[in-house]
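Reading through the structure tokens given below for one structure.
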Amino acid sequence: MFNYLHNHYQAFLNGFSRFINNIGASVMMMIVIGITLCLPSAGLLLIENAGQISQNIEHEAEISIFLDRSVSKDQIDFIDLSLEKNSLIKKIHFEPKLIAWEKLQSKLDVAVSSSVSNNPLPDAFFISLNTLDEIKIQKLLDSLDGIDGIDSVTVDGNWIKKLRIGLSLIKLSVFFIAALLIIVLLVVIGNTIRLQTLTYKDEIEVSKLIGATNAFIQRPFMYTGILYGLGGGIITISILKLSVLGLNATLIKLASIFGNNIIFQDLPHRFYLYIVILAMLIGLISSYISARNSIQRLKIYK
Amino acid sequence: MITFEKVCKSYPGSPEILQNINLEILSGELVFVTGPSGAGKTTLLKLISAIEKPSSGSIIFESQNLSRIKDREIPILRRRFGMIFQDHKLLYDRNCFANVALPLEINNMSLSDMNRRVRAALDKVDLLKKEKMMPITLSGGEQQRLAIARAIVSRPSILIADEPTANLDKEYAEEIMNIFYSFQQVGVTVIISTHELPSTKINFKRLQLNGGSIQNLIGHVQLPS
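Chains as they are written, first to last, in the working numbering: chain A, 51 to 352; chain G, 2 to 226.
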């Protein structure tokens, strides 16, 4: 076991020395990986923030229940009781038609309000929901439909649903772009490793002649690929962290002007860990495929 | 130890390089493969070390048929040989110690054993004091001695040398040959391809190749001093 680990340690040292020996190319490669991974990561960062905004809005979604104009006091009390019993309903507000009319009149032009002799508004309940689950809301609407005294029901949360669908679509697009960019990275890193195998052709040749297996020869190249990924991942994290810090500094200034307290939420730490792991995996996979193919293609010796 | 039975070797579109070779090399023998350029000396050594496979016939090495060897078995086989090349094939970005240690790294040897073995091999070729130097700073003879140290470090049962003294002065060439003789005397089979035989008084087998076939197979010749 110790010998096995020592063998990997030696391979790592070889890979690291190749990484250092070509430090210019290595830095360029890390920057390429860093910036490439930054694009989908920044997209996810924006989506996460937009998602959180929509989560906050969710609880303010309302259903407006307009009652018949001829509804009685008993019927209103019955509807009120029915609504209070429903666990989906977070908040109930009853707006009598007279108060609604007064409010409307205060907002309308005097000429307009005086031209309307009778109060055209019905009594209404405005309820806030605990959920935006379409099935649950539909059930609630069905149950309200059967109650006497209710004229019409309007769901005011549709725009949030549209926003959420939009966000889901954007998220899907970001994943699609991320998949394409990962393929690009696999090709770019693979090509760099292929060039390295040509640079180290003599070493590969000698190693093969004295009994090295392809796995032994591939190992240092794979460690180089992992190091590229690690460096690229760190660059991605640095760019994202700096962007969040910069944005928040600007938002704080705006908050002091407009009085709003908006903060751009950073991604959770585990997400940054995923970025580094993903980058290292990309480096590992591309270098493995490239080194294996290149060594086989060199056809130095079997 | 090594038996060639009706071995032929040719490449597509070219005449046969080796024709109907039959020979036997015994354990502990010193064999000189001689002949003019293009006689097939290097090809013969490549067949022994499984760098090439014969077009027909069979090569038996310790009951293993090399003409039917699987690709994945080749690295294991090569670890049993020590190979020395005319152009040394050293790694010029590694120091002398690291060059010699490479076969042991491949063999997954422990660090302490590796240190001991590499120093012993370097000492054997009188390069211990230069273990940290880069190969490029060594003379031609020293580079060849370093290549020998790399070949012997894993204690192979066979040493195969392809024209190891071709680019060396007479003085260096004798020095290198003396190292080979010392290994043969401790039971290592040594196979050397060369243009000319050494002048040292020693028992050896001579395999004279010409035009791809054995012209002369002379056993146990003792050269005059």
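Each residue gets a CB set at the ideal place from its N, CA and C atoms; glycine is no exception.
Output the boundary residues of the alpha helix (DSSP H) element that contains residue i.
| i | result |
| --- | --- |
| A/Ser67 | 52-71 |
| A/Ile339 | 319-348 |
| G/Val119 | 112-125 |
| G/Phe98 | 97-107 |
| A/Val256 | 251-259 |
| G/Ile77 | 75-79 |
| G/Thr1 | Because residue 1 of chain G is not part of the residues shown, which for chain G are 2 to 226, the question remains open. |
So what's residue i in DSSP terms, helix, strand or just coil?
| i | result |
| --- | --- |
| G/Ser214 | strand |
| G/Met84 | strand |
| G/Gln20 | strand |
| A/Asp192 | helix |
| A/Phe116 | strand |
| A/Asp201 | strand |
| G/Ile203 | coil |
| G/Glu63 | coil |
| A/Phe266 | helix |
| G/Ala162 | strand |
| A/Ala174 | strand |
| G/Thr35 | strand |
| G/Ile137 | helix |
| G/Glu25 | strand |
| G/Gly58 | strand |
| A/Ile85 | helix |
| G/Gln209 | strand |
| G/Pro13 | coil |
| A/Leu154 | helix |
| A/Leu277 | helix |
| A/Leu248 | helix |
| G/Ile52 | coil |
| G/Ile219 | strand |
| A/Leu94 | helix |
| A/Leu295 | helix |
Taking residue i as the query, report the chain A residues whose CB atoms sit under 8 Å from its CB, ordered along the chain.
| i | result |
| --- | --- |
| G/Met135 | Residues of chain A passing the Cβ test: none, with the nearest at roughly 14 Å. |
| G/Met84 | Leu259, Ile260 |
| G/Ser111 | Phe52, Asn53, His56 |
| G/Pro104 | Ile260, Gly261 |
| G/Val80 | Correcting the residue type first, residue 80 of chain G is Arg in the shown sequence and not Val. Residues of chain A passing the Cβ test: Ile260, Gly261. |
With a Cβ-Cβ cutoff of 8 Å, do residue i and residue j count as a contact?
| i | j | result |
| --- | --- | --- |
| G/Leu169 | G/Gly141 | yes |
| A/Ile187 | A/Leu194 | no |
| G/Arg207 | G/Thr35 | yes |
| G/Ile203 | G/Leu27 | no |
| G/Arg117 | G/Val154 | no |
| A/Gly261 | G/Ile77 | yes |
| A/Tyr278 | A/Ile83 | yes |
| G/Gly213 | G/Gly41 | yes |
| A/Gly283 | A/Leu89 | no |
| A/Gly65 | A/Tyr250 | no |
| G/Ile193 | G/Arg146 | no |
| A/Ile307 | A/Leu236 | no |
| A/Leu117 | A/Ala150 | no |
Starting from residue i, find everything on chain G with Cβ-Cβ shorter than 7 Å and list it in chain order.
| i | result |
| --- | --- |
| A/Phe266 | Ile107 |
| A/Gln315 | Simply none; closest approach about 49 Å. |
| A/Gln346 | Chain G residues near A/Gln346: none, gap ~10 Å exceeds 7 Å. |
| A/Gln60 | Glu106 |
Would you mind reading off the limits of the beta strand (DSSP E) that contains residue i?
| i | result |
| --- | --- |
| G/Ile193 | 190-195 |
| A/Ile145 | Note that residue 145 of chain A corresponds to Glu in the displayed sequence, not to Ile. Its beta strand (DSSP E) spans residues 139-145. |
| G/Ile177 | Not the beta strand (DSSP E): G/Ile177 falls in the alpha helix (DSSP H), residues 171-186. |
| A/Phe128 | Element bounds for A/Phe128: not the beta strand (DSSP E) but the alpha helix (DSSP H), 123-135. |
| G/Lys10 | 3-10 |
| G/Ala150 | From DSSP, G/Ala150 is part of no beta strand (DSSP E) but of the alpha helix (DSSP H) over 141-153. |
So residue i and residue j are in contact, right, with Cβ under 8 Å, and what is the actual spacing, rounded?
| i | j | result |
| --- | --- | --- |
| A/Ser340 | A/Ile243 | 4 Å |
| A/Ile142 | A/Leu133 | 5 Å |
| G/Gln65 | G/Pro165 | That pair is no contact at about 26 Å. |
| A/Glu145 | A/Ala174 | 5 Å |
| G/Val187 | G/Ala150 | So it is not a contact: roughly 16 Å between Cβ atoms. |
| A/Asn53 | G/Ser111 | 6 Å |
| A/Val294 | A/Gly93 | Not a contact, Cβ separation roughly 14 Å. |
| A/Phe394 | A/Ser337 | A question about residue 394 of chain A goes unanswered here, because the residues of chain A that appear run from 51 up to 352. |
| A/Ile325 | A/Ile220 | A/Ile325 to A/Ile220, Cβ: 19 Å. No contact. |
| G/Thr195 | G/Phe33 | 6 Å |
| G/Val84 | A/Leu348 | The sequence as given places Met at residue 84 of chain G; Val does not occur at that position. Incorrect: roughly 19 Å between the Cβ atoms, too far for contact. |
| A/Ile332 | A/Ile227 | A/Ile332 to A/Ile227, Cβ: 15 Å. No contact. |
| A/Ile239 | A/Gly216 | A/Ile239 to A/Gly216, Cβ: 34 Å. No contact. |
Please compile the residues from chain C whose C-beta is within a distance smaller than 8 Å of the C-beta of residue i.
| i | result |
| --- | --- |
| G/Leu92 | The structure shown contains no chain C; the protein chains it does contain are A and G. |
Listing by chain order, which chain A residues have their CB less than 9 Å from the CB of residue i?
| i | result |
| --- | --- |
| G/Ile77 | Gly261, Thr263 |
| G/Arg146 | Within 9 Å Cβ-Cβ: nothing; G/Arg146 doesn't reach chain A, min ~17 Å. |
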